[in-house]
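In the working numbering, the protein residues as written are 294 to 433.
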């Protein structure tokens, strides 16, 4: 009877060993699957992050480009404003010169007509000293 007892024990031990091996194999497969799922999740997250960053970086680049364009436009506007101011000052000087020239001609004509200094001054907006000077220069 002794030899028959170990056979069932051996069968039970073999069955338990086989069950332990199958359990270890299943657990290892689950760990591998979990690790692969984690890697896939990380890759998907990195891809989503890159996809989210790509439009943001493109947007940041576009904003920077627009800022540069606005700065260049502002510099052009300032240069144009300076040029316009210079043109207006030159025009103002020309108009003042022409106005003074025309006033002198009118004052000389009024002096020739024999109008008094006060009337010439009131009409043309000249001081009495200016009218006297014009009257003196008219004779020369």
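For glycine and all other residues, C-beta sits at the position ideal for the given N, C-alpha and C.
Taking only three categories from DSSP, how would you classify residue 408?
coil
Helix, strand or coil for residue 360? Go by DSSP, reduced to three states.
helix
In its own chain, which residues sit with a C-beta less than 8 Å from the C-beta of residue 312, not counting the 5 before and 5 after it?
none
From residue 365 to residue 351, what does the alpha carbon distance come to, in whole angstroms?
Going from the Cα of residue 365 to the Cα of residue 351 covers about 21 Å.
With a CB to CB cut of under 6 Å and the five nearest residues on each side skipped, what residues in its chain are close to residue 304?
none
Suppose you measure from the CA of residue 374 to the CA of residue 361; what does that come to, to the nearest Å?
The C-alpha of residue 361 is placed about 20 Å away from the C-alpha of residue 374.
Under the rule that 16 or more other beta-carbon atoms within 10 Å means buried, what is residue 413, buried or exposed?
buried
For the ligand GTP, is there a heavy atom less than 7 Å away from the beta-carbon of residue 309?
In the structure on display, the ligand GTP does not appear, and there are no ligands present to speak of.
I need the DSSP call for residue 419, collapsed to helix, strand or coil.
Coil at residue 419, not helix or strand.
When you compare the region 407–427 with the region 385–394, are there three or more beta-carbon pairs, one atom per stretch, that lie closer than 8 Å?
no
Leaving out five residues on either side along the sequence, give the residues of the same chain with a beta carbon under 8 Å from the beta carbon of residue 356.
none
Do residue 388 and residue 479 come within 8 Å of each other at the CB atom, strictly closer than that value?
Nothing about residue 479 can be reported from this structure: the residues present for the chain run from 294 to 433 only.
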